[in-house]
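Residue numbers (the UniProt record's numbering), protein chains in the order written: chain W, 1 to 685; chain L, 1 to 719. Reading through the structure tokens given below for one structure.
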């Protein structure tokens, strides 16, 4: 099939930040996740856990708590503000100061009409949820000591509040505290320190469950204010609690990295009263589990070790399927790496800066398996710090390496790069067209003459670039009237077409010569995760979050025969069952029938001229083929050539000379940069 | 057996401009065995007194002139001869101070070497292969010199030896990769030419050593591939025959390591031993900086010594000393070569475990000083010893006279006679005569109860020429007379003591009361490692691993055996081992442990021991074993101490011989159970160590995970 020269790149020091809090919207099956740097990510659990949206962080914003109110998303943090987000344009909609000092917690009642926030000054403030805004309604009785956790009773009349050394239950109507439950400080060693009730859950039978810094999960009778049961779970803090919707199961996340499940069952089967019994312990984290969710069929947890873990509960019972597999999400489902294929440059996107690297060179040739001597080492040409407090949301590098653009929530910056041998000059283009205020995605045309910027309300601006000026050309709007933002842009190599994909799963193709919409690809139910236009055939190749592959002929406005054949014969189950979405589509410049796909654990060359694998064929067959003779190989080979040598992969690119660039980021490198966990696993303990 | 002793530097070397590859042109014999003549690569000749490491005289040619061959000493006239600038022969004496004013003669052809052989005239070898006696050449310096070898032939090596009474000059030549050997004989003059075989072009002879053996010339030569060949050159061979290859036999194949030998040299030490320098030590990696002595009969390495710095492939040997230029110095290394025996070859000889020199006790021989450590005076003879030897050599008696005196003369006189005889006797015949003298002495002391010449016997044993088979009764007599010192010496020096005698000695040693040994002087080297015993309680170093030796009175040792009550019953682990025998007894027993034996012959004799003796001996062996395994670090090499293997062999033998008896004896019960426990724990330990070794071995098989680093360019192939 072929040899590839691979630039194995490990110098992208991508470092995700720890997960701070999570909220799940069971109606839309969306998980909102806030990280410590203020980034909010939205995962679509109904679409293969695809990371649908990312709202870039901001240095001034810290998020302590996140909450869905219907389909609206609110966060609050230590800056004392409550923020609602514009989930279409992926930016904060407005922020409101609660005037109670830093906010530790925010909770919405079951009806979705009121929000309560717990503040540093000891007050619980109730806000009324109106359309487009929230209004301050009242303060509940102010207490001494901060309010760390809140939980509404399902009736909406009472709120349980976890504070230092105690839990209070407030009557919302009167604002009075009706119960006061003192939490024991625990063992003598921790006796001097106050016990922080990190999390409370108010169940509909007026049971209150609390998790505290002494490592206890306690069950209280909220109506009488008495302690029912204490489970000593950990030597360290219980940081978060989550109860299932039917209130039969409850999970607690600890500082040790464990997640402990409790279930409301009777001690002997079918007899006696039910009680909360500690049942299972999961250990998927090395550090604090800061957020945990009990989702009936799975437990979702996240913490300081930056990974999001989805732990299905029926893994041992069900037949093995996509839904019963343990899932760990480490990397973003979008590319943070741009590549100048002509110039051999790589652009790495960090929240606060960009790094431009030139790849190394080797003039020798080798046999497969060889590592070639590196004649010129890779070189970091540029480190570009962003301006302001907003994190970089997207970046792009032109194919020739002459242009660089990046965008934050409120501004776009464009730079002209001039790289001659060892000298690099960078010029900021100062006067950008006014329309270019922010971008969800940036992309340069293949000849570097145009910049495409996906802007608000699903529009795409076309800017023409030249040495002297940059000029606004046109704005494309989707004919469907959809306003969801565009997250993928794919220009064709000949400069005639531009394909856009938005988060409503729509893919539009625009004619760049006529500056008109050309056609719309039939909408498929899963979000496109990667797409590209073939440089010679101008077929649009799309891969969706559920791993389906489509090839659409732009000229003929129809799916190609190969795509139909693929749909007819179906993809191999092992392909469908893959864990991480495809984040990159590339083409082999020397072989028009080849295209390359990449996810976190593999990259794959698909040869359209070869037969497709059916259910019975061995799917991962590279090792077998290697051992076979040339003739036998012919009979056993199939279109999917999967290579798992390089992993975990952040990105893959094809250079103009056909060499591949694999950007790896070993998870160990991420782990080593984390702070030390509270409890080290010792030998035989 | 052969051994290399601690060497010393004779002189430093300066690399010359003319001979960058060799730093010494030659080391030649001086006026006696202690003088050598060193010609350096530049312009000077120096006479050294070796034992003093002192130059006695030095002569340097003028700037611009060079010495082109090593200076030699004409033993007939006491003159030195050297060649300068290839054609000028200089002859001078010790008294000549100004080197420029000495006798000079310019000859008509270029000279390669001047050779001097012990008792004959020096010979001059010309570069075209002609040979002249020095006298005849100096008589007519400008005489025409004929060409023996062709233009292209280059003389690589030359030597001269005396074969019978005939002087022979040997030289090898090279011509376009072919190697030839020429033998030039005098009176009548004849020349023989042989071709030296080479397997490949790469293999060529690099070093030669010639000696006379059974009136044939025995030539050893080393090839660059490490092979040592031997050729016997017949004396009488008709001239004019076609060029023959020299018949040869492969004697040794030395380990070469990688590549070929470039600078290595070989020297024949005696019939069975060769010294080789510049060849890798077989067990020390590929470094070629070793001086080794090999036994050619058994192809065994006898001794080795690392030479630091560059080796020049030069090696000379005179009078028991090897001269090796290496690095920046010329080192003199005394060596000793003993006649090889079957016992040594089989390795069943004492001291087989410790690689070191056989024990010479010069000091005890000369001064009767037993306590003095041996190492200090080993090897080089001290000046003192020679003086004392000279002073004794006043009246020289023949063997027969001595033997006659022995039968009649009083003890003191006999002692003196023997001493004097030994001081003057020449080594070659010593072996025979010493045996006769010893037998005579023993015979007389057997018949005459009052006669026992202790010191004479000790001296005889120290000559190293005595062995048990030469004088079978000596050991028994010594034992009868309770001369434990002599017994110990015999055990040390005799390689061929029969097992029955060994057993008799053992029995005697065990049963002798410690008190009786108080007075006797016994060599305590073999118990030196048991520090706690030697130094008593005055052990000042810090305790190791909580080990604290219990000071023990020698006499109370035996008491412990009797009092093996329940309160003293704790296992060997808890109970600090105490020596069940006295120090001197221990030393004697250690000597037994180190004698060579064969199990089959020893076992029946061991059965003669009584149960009590066996128990005591076992206790001692047990104690020794614990000591050895505890203090392994203090077991210095070279000290005569029994090895763990020897101890264990003896324990096994004793138990084999007496197990049924021991089982029945109540006192042995505790000891047996200790031994059992100890062996069990050792077996366990070793099995654990084996497992660890195995698992560590597995680590080698584990492929190290590929270190990718930050960036690499790789080639992959998809199918």
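Using N, Cα and C, we set each Cβ at its ideal position, and we do this for glycine too.
Check                                                                                                                   : Outcome
Any non-hydrogen atom of the ligand NAP closer than 7 Å to residue 280 of chain L Cβ                                    : With respect to small molecules bound, the structure shown includes none, and the ligand NAP cannot be examined in it.
Near-chain L residues of the region 63-85 of chain W (beta-carbon distance less than 7 Å), N- to C-terminal order       : none
Of the listed residues W:385, W:349, W:14, nearest to residue 306 of chain W (C-alpha basis)                            : W:14
Contact list for residue 362 of chain W against chain L, beta-carbon separation under 8 Å                               : 713
Residue of W:160, W:637, W:650, W:72 minimising C-alpha distance to residue 2 of chain W                                : W:637
Any chain W beta carbon closer than 8 Å to residue 716 of chain L                                                       : yes
Closer than 7 Å at the beta carbon, the chain W residues around residue 708 of chain L                                  : 8, 10
Contact set between residue 312 of chain L and chain W, taken where Cβ atoms lie within less than 7 Å                   : Those within 7 Å of residue 312 of chain L in chain W number zero; the least Cβ separation is about 40 Å.
Neighbour-count burial assignment, residue 189 of chain L, 16 or more Cβ in a 10 Å radius                               : exposed
Length of the line joining the Cα atoms of residue 73 of chain W and residue 67 of chain W                              : 6 Å
Chain L contact for residue 694 of chain W (CB, 8 Å cutoff)                                                             : The question about residue 694 of chain W has no answer here: the residues shown for chain W are numbered 1 through 685.
Given 8 Å, three or more beta-carbon pairs between the region 602-610 of chain W and the region 677-684 of chain L      : no
Chain-ordered chain L contacts of residue 36 of chain W [CB-CB under 7 Å]                                               : Simply none; closest approach about 27 Å.
Three-pair Cβ contact test at 8 Å for the region 18-29 of chain W versus the region 498-509 of chain W                  : no
Contact under 8 Å by Cβ, residue 131 of chain W with residue 113 of chain W                                             : no
Top-ranked residue by Cα proximity to residue 457 of chain W, from W:441, W:468, W:446, W:465                           : W:441
Enclosing alpha helix (DSSP H) for residue 90 of chain L [first to last residue]                                        : No alpha helix (DSSP H) holds residue 90 of chain L; the beta strand (DSSP E) holding it covers 88-92.
Near-chain L residues of the region 470-488 of chain W (beta-carbon distance less than 9 Å), N- to C-terminal order     : none
Below-8 Å beta-carbon distance, residue 119 of chain W vs any chain L residue                                           : no
Counted within 10 angstroms of its Cβ, other Cβ atoms place residue 365 of chain W as buried (16 or more) or exposed    : exposed
Those residues which DSSP pairs with residue 461 of chain W across a bridge                                             : W:453, W:475
7 Å CB neighbourhood of residue 245 of chain L in its chain, flanking five on each side removed                         : 194, 195, 197
Neighbour list for residue 645 of chain W in chain L, Cβ cutoff strictly below 7 Å                                      : 716
8 Å Cβ cutoff, residue 608 of chain W in contact with chain L                                                           : no
Closer than 8 Å to chain L by CB, residue 658 of chain W                                                                : no
Contact set for residue 453 of chain L: own chain, Cβ-Cβ below 8 Å, skip 5 residues either direction                    : 411, 414, 415, 418, 441, 445
Chain L within 8 Å of residue 21 of chain W, Cβ atoms only                                                              : no
Straight-line gap, residue 671 of chain W to residue 144 of chain W (C-alpha atoms, nearest Å)                          : 39 Å
Among L:717, L:49, L:11, L:663, nearest to residue 328 of chain L - alpha-carbon criterion                              : L:11
For residue 664 of chain L, the nearest candidate out of L:611, L:313, L:109, L:598 (CA to CA)                          : L:611
Residue 602 of chain L in three-state terms, based on DSSP                                                              : helix
Residue 601 of chain L: contacting residues in chain W (beta-carbon distance under 9 Å)                                 : Neighbours of residue 601 of chain L on chain W: none; closest Cβ ~56 Å, over 9 Å.
Inter-stretch contact (C-beta, 8 Å, three-pair minimum) for the region 75-94 of chain W and the region 51-58 of chain W : yes
Min CB distance residue 241 of chain W to chain L below 8 Å                                                             : no
Proximal residues of chain L, C-beta to C-beta of residue 367 of chain W below 9 Å                                      : 715, 717
Residue 437 of chain L - DSSP class collapsed to helix/strand/coil                                                      : helix
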